[in-house]
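Colleague: Please read through the structure below; I'll follow up with questions.
Protein chains: 2
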Amino acid sequence: MASSRGVRHDSMRARNLAVVLGEIRAAGPLTRAALAELTGLTKTTVSKLVSDLLDAGVVVENGAVRDGERGRPGVAVSVSGHRIATLGLEINVDYLAACVVDLTRTVRVRRVRPADNRGSRPEAILADLRELAGQAVADAERAGLRITGAALAVPGPVQDGLLRNAPHLGWRDIGVAAQLGLHDLACEVDNEANLAALGELWFGSGETDFLYVSGEIGIGAGLVVDGSLFRGTYGLAGELGHVVVVPDGPACRCGGRGCLEVYAGQDALLGAVVPMRGRVAAMPGAAAALPAASASIDGLVSLLEAGDRAALAAAGQAGEALGLALTSAVHLLDPGTIVLGGVFARLFPWLERPVSDVLSARLRQMRRTPPRVAMSAIGADAAVLGAAGLAMQRVIADPAGVLAL
Amino acid sequence: MASSRGVRHDSMRARNLAVVLGEIRAAGPLTRAALAELTGLTKTTVSKLVSDLLDAGVVVENGAVRDGERGRPGVAVSVSGHRIATLGLEINVDYLAACVVDLTRTVRVRRVRPADNRGSRPEAILADLRELAGQAVADAERAGLRITGAALAVPGPVQDGLLRNAPHLGWRDIGVAAQLGLHDLACEVDNEANLAALGELWFGSGETDFLYVSGEIGIGAGLVVDGSLFRGTYGLAGELGHVVVVPDGPACRCGGRGCLEVYAGQDALLGAVVPMRGRVAAMPGAAAALPAASASIDGLVSLLEAGDRAALAAAGQAGEALGLALTSAVHLLDPGTIVLGGVFARLFPWLERPVSDVLSARLRQMRRTPPRVAMSAIGADAAVLGAAGLAMQRVIADPAGVLAL
DNA sequence: GGATTATGTGCAGATTGTGGACTTAATCCT
DNA sequence: AGGATTAAGTCCACAATCTGCACATAATCC
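Which chain is which? The protein sequence lines are W and C, in order. So the first sequence is residues 1161 to 1565, counted in this note's numbering. So the second sequence is residues 1161 to 1565, counted in this note's numbering.
In structure tokens, the structure reads:
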């Protein structure tokens, strides 16, 4: 019940610009007449609004379209990738990443810098990221793009712009955006699961209702309902990794016992490949001794492809645990589909069956059909891309801000 | 991403009326000057809007107020309870209820009719309810009120206005609102947990962020974030009763195993008091043989007050199970506080400790402080009252609709 | 009792959307 | 080929709504 402000003439226009632009972006190239139909505004008004958007270079005319019917053909307009773009950033345990995306959802610049950020000092990492961001922006500007917003994905829960706790970086309560200091560029911060969910929304299969499950070092999830992210009261919703799977199971680094992460987290999965280390890695603090994540997941995939029984058993167990946690999640969150991302996308062939089986067995009576379990359509870039997508969402929600500049 | 309509002059005014009325309702009596400040509109505009609201009898002037400062005193306006009211309805296993609530949140009419609705035919029950509703409306009209909306609470999940499955009534896929047929009165339908949550929002402690846990025959929950209800993709969110507590626990009537309901549902709680029946009652279909719920819960409370060991153990176990399910719920939904309602409110003294203990033990590392666990401020009426509140929410969100009549 | 301060309203003006007439550009029909 | 028909996009007078300022009003302060 945020104290809502009244609507004035300028906000009415701003809103209508957003409605028109949103419709153009969502429903592909559209003629002015079609836009008038969709938005309920008159042709006159739509014409004026579109004209403003054209002047700003936010949309372009695509030439005449005939629908095969008779009558004067309309001129389709669609979003333009030539001017407006946004910056996505990501800090993760073993790399920094930046990307620039334009309004047509085309990735224009992509820069990744491997790094070992475990237990590092925030200042150093953020300086590196600032440099990387600067390079990406420079690349984009050389291509004639104007960066109008930015967002940053971090591996941990974010509340009021503060990174609360990133266990694998060893950071606590860091005001990341402020310390990053991108001069005159507003930069939102959110956790990687939420932003990866937005990545799936913007660059994935096109669905607008799903629970994105992010299997990284930790396990998170981002719920998208009708195209917008559900964040909960403090922005901490979606912590799937610590849903209780076995009430008296092994201790988890979160202080609980038998959390999903204990059974399906990266340490648990790799424990099957490197059993001795796996046991040690389950203890807090020892994680830094593990080999680089991607390499080890590659190893696990090889073993699975080769039919290694221990590896298959580990994947099966992880899948079952994931199915149990998702059962609770479905009851509580009521997602459309379930999208497995990150490491879980790579392991999808071995996870799908156990996850689906548990879900359909346990949800049979309550729902006509349990949610479909799908593999993420985008790869490891999900979070950076989603960050750029979030910034782009702001542009589309308020094109007036961009027009003014 | 519902295809959003453009803003026209009339919708701008409608929105501003809603903003002003919402502010008056939320922030108590306010002068026009204060409203202008809060909404960002000019004094002139606020004056005109308030004048319309006065004409419609939606608000009243309370006389001059001096803030102790000098200058002309303002005239405070506040919502009026004299004209606009809404109807709340409820179908439950052992009663039908109706209430009429005015804009000041005063309950003006209250009617409850005991009934045994287990395994009954919808037509008969709905005819009874229609009669009860008619009586309540007549009472209200005698008091000079105009009923501008209605809502109905039912004991089961609702999707697209269809009551999907009410196990204790034995109903499946019933178009309740349509069959009820309240001539020219729009009637929304939702499940009792969601509406009880709205009841807590409107008539409870005044908090705007909480998870209301509804302990009735089944266990449900309604999440309120910033004053509005989270419903999920299909309107089925908040099914706390079937969150997995013990993966290989006893079978639940939902088809799963070890759901919360198995450990903390009414049958489980009463099983401690009437052990033989309790065992039988856990089987599906046998529920109808149980004694009326309230009587038995009264019995359980007496035993607990008397210090009966078996009863205390049962409550302790239920509390622990509830704590485990809520741990998962907190991770996924990120609620503000947790409000225990229905039967759990009556058992609060015996549940608070185990629930809080489990929550704080398991959430310690992840959150500064675990959510506070509170007792619902309103009693068994929560759902009916919430239904009336939901209908009232519609009035406040669109006062223009009421003005027109 | 006059100066000061703040509320609420009246009036001219600005902004924005509307509705119908008009222009434009295509297809259909003869 | 030419006129009829159809639909898109634009022009213009008009209407709805909010703004900004001036002004009347009603208190307190000195």
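Backbone N, C-alpha and C fix where the C-beta goes; we use that ideal spot for every residue, glycine too.
Against W/Phe1390, what residues of chain C qualify as contacts under a CB-to-CB distance less than 8 Å, listed in chain order?
Modeller: Residues of chain C passing the Cβ test: Phe1390.
Colleague: Taking the Cβ atom as the reference point for each residue, do W/Cys1259 and W/Ala1540 lie within a distance shorter than 8 Å?
Modeller: In this structure, W/Ala1540 does not lie closer than 8 Å to W/Cys1259 by Cβ.
Colleague: W/His1343: buried (16+ other C-beta within 10 angstroms of its C-beta) or exposed?
Modeller: With fewer than 16 Cβ atoms within 10 Å of its Cβ, W/His1343 is classed as exposed.
Colleague: Is it true that the CB of W/Asp1333 sits closer than 8 Å to the CB of W/Leu1322?
Modeller: In contact: W/Leu1322 and W/Asp1333 (Cβ atoms closer than 8 Å).
Colleague: Please name the residues in the region 1487-1515 of chain C whose beta-carbon is closer than 8 Å to at least one beta-carbon of chain W, in chain order.
Modeller: Hits within the stretch, in order: Thr1487, Ser1488, Ala1489, His1491, Leu1492, Leu1493, Asp1494, Pro1495 and Gly1496.
Colleague: Which runs of the beta strand (DSSP E), 3 residues or longer, sit entirely within the region 1260-1328 of chain W?
Modeller: Whole beta strand (DSSP E) segments, 3+ residues: 1267-1274, 1306-1314 and 1322-1326.
Colleague: Measuring alpha carbon to alpha carbon, tell me which residue in C/Ala1485, C/Gly1409, C/Leu1420 and C/Asp1369 is nearest W/Cys1419.
Modeller: Closest by alpha carbon: C/Ala1485.
Colleague: Quick check on W/Gly1375: buried or exposed, where buried means 16 or more other Cβ atoms within 10 Å of its Cβ?
Modeller: Its Cβ being crowded by 16 or more others within 10 Å, W/Gly1375 is buried.
Colleague: Is the beta carbon of W/Leu1545 sitting closer than 8 Å to the one on W/Gly1248?
Modeller: Yes, the pair counts as a contact, with Cβ atoms nearer than the cut-off.
Colleague: Are the CB atoms of W/Leu1195 and W/Val1180 nearer to each other than 8 Å?
Modeller: It is a contact, given that the beta carbons lie within the stated cut-off.
Colleague: If you compare alpha carbons, which of W/Glu1512, W/Asp1494, W/Arg1554 and W/Met1172 is closest to C/Arg1391?
Modeller: Nearest C-alpha to C/Arg1391: W/Asp1494.
Colleague: For the region 1503-1513 of chain C against the region 1393-1400 of chain W, do three or more pairs of beta-carbon atoms, one drawn from each stretch, fall closer than 8 Å, so that the two count as touching?
Modeller: Verdict: no, contact absent.
Colleague: Take the Cβ of C/Glu1421 as the centre, count every other Cβ of all protein chains shown within 10 Å, and call the residue buried at 16 or more, exposed below.
Modeller: Buried, because 16 or more other Cβ atoms sit within 10 Å of the Cβ of C/Glu1421.
Colleague: According to a CB-to-CB cut-off of less than 7 Å, which residues of the region 1327-1357 of chain C neighbour chain W?
Modeller: Those residues of the region 1327-1357 of chain C that come within reach of chain W (Cβ to Cβ, closer than 7 Å) do not exist; the list is empty.
Colleague: Contact criterion: CB-CB distance below 8 Å. Does C/Tyr1394 meet it with respect to chain W?
Modeller: It does: the Cβ of C/Tyr1394 has a partner Cβ on chain W nearer than 8 Å.
Colleague: At what residues does the beta strand (DSSP E) containing W/Leu1389 begin and finish?
Modeller: Ser1388 to Phe1390 is the span of the beta strand (DSSP E), which, as asked, contains W/Leu1389.
Colleague: Only counting the same chain, and skipping five residues up and downstream in sequence, which positions put a Cβ closer than 6 Å to that of C/Glu1250?
Modeller: These residues qualify, in order along the chain: Ala1257, Ala1313, Ala1543 and Val1544.
Colleague: Closer than 6 Å by C-beta to C/Leu1345: which residues in its own chain qualify, once you throw out the five before and the five after it? Chain order, please.
Modeller: Result list for C/Leu1345: Ala1310, in chain order.
Colleague: Quick check on this structure: which residue in W/Ala1481, W/Leu1482 and W/Ala1428 has the alpha carbon closest to the alpha carbon of W/Ile1457?
Modeller: Checking every option, the nearest Cα to that of W/Ile1457 belongs to W/Ala1428.
Colleague: For C/Gly1382 and C/Asn1354, which I take to be in contact (beta-carbon distance under 8 Å), what is that distance rounded to the nearest angstrom?
Modeller: With a Cβ gap of about 4 Å, C/Gly1382 and C/Asn1354 count as contacting.
Colleague: Less than 8 Å between the C-beta atoms of W/Asp1572 and W/Val1318, yes or no?
Modeller: Residue 1572 of chain W lies beyond the stretch modelled for chain W, which goes from 1161 to 1565, so this question has no answer here.
Colleague: Determine which residues of the region 1517-1534 of chain W have a Cβ less than 8 Å from any Cβ of chain C, and write them out in chain order.
Modeller: Flagged, chain order: Ala1521, Arg1522, Leu1523, Arg1524, Gln1525, Met1526 and Arg1527.
Colleague: Helix, strand or coil for W/Ile1251, going by three-state DSSP, please let me know.
Modeller: If DSSP states are grouped into helix, strand and coil, W/Ile1251 belongs with the strands.
Colleague: List the residues of chain C whose Cβ lies closer than 9 Å to the Cβ of W/Ser1211, in chain order.
Modeller: Those within 9 Å of W/Ser1211 in chain C number zero; the least Cβ separation is about 16 Å.
Colleague: Is the Cβ of W/Leu1482 closer than 8 Å to any Cβ of chain C?
Modeller: Not closer than 8 Å to any Cβ of chain C, the Cβ of W/Leu1482 fails to qualify, so no.
Colleague: Of all the options C/Gly1431, C/Pro1530, C/Asp1262 and C/Ala1470, which has the alpha carbon lying nearest to the alpha carbon of C/Ala1303?
Modeller: It is C/Asp1262 whose Cα lies nearest to the Cα of C/Ala1303.
Colleague: Please state the DSSP three-state secondary structure of W/Leu1450.
Modeller: Residue confidence for W/Leu1450 is low, a pLDDT of 31 falling below 50, so the modelled location carries little weight and cannot support an answer.
Colleague: By how many angstroms is the C-alpha of C/Ala1551 removed from the C-alpha of W/Arg1271?
Modeller: Each residue's Cα considered, the two are about 52 Å apart.
Colleague: Check the C-beta distance from C/Ile1556 over to C/Ala1178 and give it rounded, since I have them as a contact under 8 Å.
Modeller: Right, the Cβ-Cβ distance comes to about 7 Å (below 8 Å), so this counts as a contact.
Colleague: How would you list, in chain order, the residues of chain C whose beta-carbon sits under 8 Å from the beta-carbon of W/Asp1369?
Modeller: Under the 8 Å cutoff, chain C gives Thr1393.
Colleague: Is it buried or exposed, W/Ala1447, if we count other Cβ atoms within 10 angstroms and call 16 or more buried?
Modeller: Any reading at W/Ala1447 must be qualified, since the residue scores a pLDDT of 31, below 50, and its modelled position is unreliable; the value itself is stated next. Buried.
Colleague: Quick one: residues in its chain with C-beta nearer than 7 Å to the C-beta of C/Asp1408, no 5 flanking neighbours on either side, listed in chain order?
Modeller: The answer, listed in chain order, is Arg1417 and Gly1418.
Colleague: Using 7 Å as the cut-off, classify the Cβ of C/Val1336 as near or not near the heavy atoms of the ligand ATP, replying yes or no.
Modeller: You won't find the ligand ATP in this model; it holds no ligand whatsoever.
Colleague: Nearest chain C C-beta to W/Met1552 closer than 8 Å, yes or no?
Modeller: False, the Cβ-Cβ gap to chain C never drops below 8 Å.
Colleague: Using CA coordinates, which residue listed in W/Asp1254, W/Gly1335 and W/Val1239 is at the minimum distance from W/Glu1283?
Modeller: Selected option, being the one with the closest Cα: W/Gly1335.
Colleague: Taking only the alpha-carbon atoms, compute the straight-line gap between C/Thr1529 and C/Ala1224 and give it to the nearest angstrom.
Modeller: The straight-line gap from Cα to Cα measures roughly 44 Å.
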